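Asker: Numbering (the numbering used here), first residue to last: 1 to 112.
Structure below.
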């Protein structure tokens, strides 16, 4: 898993590449989100375009990350869900919990 930061105005976009799975991506995502919050970034957009697979630990970490950001008064939204991830979020009813977008500009506009 690799995470690239892209600041865009008040929103920090995190481009994720690789599998979001136990022991690799889940801990990296947790550490990155904690780092972002410590730096004062609470408007976060996770770009999942480069994530081919999410396991249960990765899914759990996404929910935990959402809760962490919300506790800090921030917002975490998802961008460019793959069909597989969208299906997973739909089956688990988490698509109703996360704000998800297919268009980066629409996602950025939703923060204001």
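Every residue gets a Cβ at the ideal spot worked out from N, C-alpha and C, and that includes glycine.
These numbers were taken from a predicted model, which means no experiment stands behind them.
Please state whether the Cβ-Cβ distance between residue 79 and residue 107 is less than 9 angstroms.
Answerer: The answer is yes: Cβ separation under 9 angstroms.
Asker: Counting only runs of 4+ residues fully inside the region 58-108, write out the alpha helix (DSSP H) ranges in chain order.
Answerer: Taking only runs of at least 4 residues, the alpha helix (DSSP H) segments lying wholly in the region 58-108 are 83-91.
Asker: Relative to the alpha-carbon of residue 63, which residue among 84, 76, 103 has its alpha-carbon at the smallest distance?
Answerer: Minimum Cα distance to residue 63 is reached at 76.
Asker: Run the CB neighbour count on residue 61, radius 10 Å, all protein chains shown included, and call it buried at 16 or more, exposed below.
Answerer: Answer is buried; the Cβ neighbour count reaches 16.
Asker: Given a threshold of 16 other Cβ atoms within 10 Å of its Cβ, counted over all protein chains shown, does residue 93 qualify as buried or as exposed?
Answerer: Its Cβ having fewer than 16 others within 10 Å, residue 93 is exposed.
Asker: Run through DSSP, which three-state label would residue 15 get?
Answerer: Looking at residue 15 - three-state DSSP - the assignment turns out to be strand.
Asker: Quick check on DSSP: helix, strand or coil for residue 112?
Answerer: If DSSP states are grouped into helix, strand and coil, residue 112 belongs with coil.
Asker: Quick one: what's got a C-beta closer than 8 angstroms to residue 135's C-beta in the same chain, skipping five residues either side?
Answerer: In the structure as shown, the chain begins at 1 and stops at 112. Residue 135 is therefore absent and cannot be evaluated.
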